[in-house]
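Heads up: the sequence shown begins at 1 in the UniProt record's numbering, then just goes up one per residue.
Don't be surprised by glycine CBs; every beta carbon is placed ideally from N, CA and C.
Since the structure is predicted, the reported quantities are computational estimates derived from the model, not experimental observations.
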Amino acid sequence: SSQVNVDGAIVCDTENGREKALLSDVVVQLREYNNPFEADSLDTYVTKSDGEFIVSGSSAEWDDEFFIEVKVPCWGKQIQRCDN
């Protein structure tokens, strides 16, 4: 059995590279790899205006391989622009 906690912030560089923009409405998902075509979803968090997230989970499988998947909105009204 394995337990994992991941916390951080989702940011992007501005065009000039001197500042960071915090991204909201980004979906951060903690997953556990099973095979090339399948992964278990363990926890999901949607960032707020501060861009911060925390996800945690556990698995009882042998040889656990955890990873996070980050989905940034890039269409419609939710599009994020770093250089506004």
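Tell me the residue span of the beta strand (DSSP E) that contains residue i.
| i | result |
| --- | --- |
| I68 | 66-71 |
| F53 | 52-59 |
| V27 | 27-35 |
| L23 | Unbroken run through L23: none, as it is neither H nor E. |
With the cut-off set at 8 Å, would you say residue i and residue j are in Cβ contact?
| i | j | result |
| --- | --- | --- |
| residue 98 | L23 | Residue numbering for the chain in the displayed model covers 1 to 84; residue 98 lies beyond these limits and cannot be assessed. |
| V46 | D25 | yes |
| E32 | S59 | yes |
Could you check what DSSP says for residue i in three-state terms: helix, strand or coil?
| i | result |
| --- | --- |
| D43 | strand |
| S49 | coil |
| G8 | strand |
| D63 | coil |
For residue i, write down the residues that DSSP places opposite it in a beta bridge.
| i | result |
| --- | --- |
| S2 | S59 |
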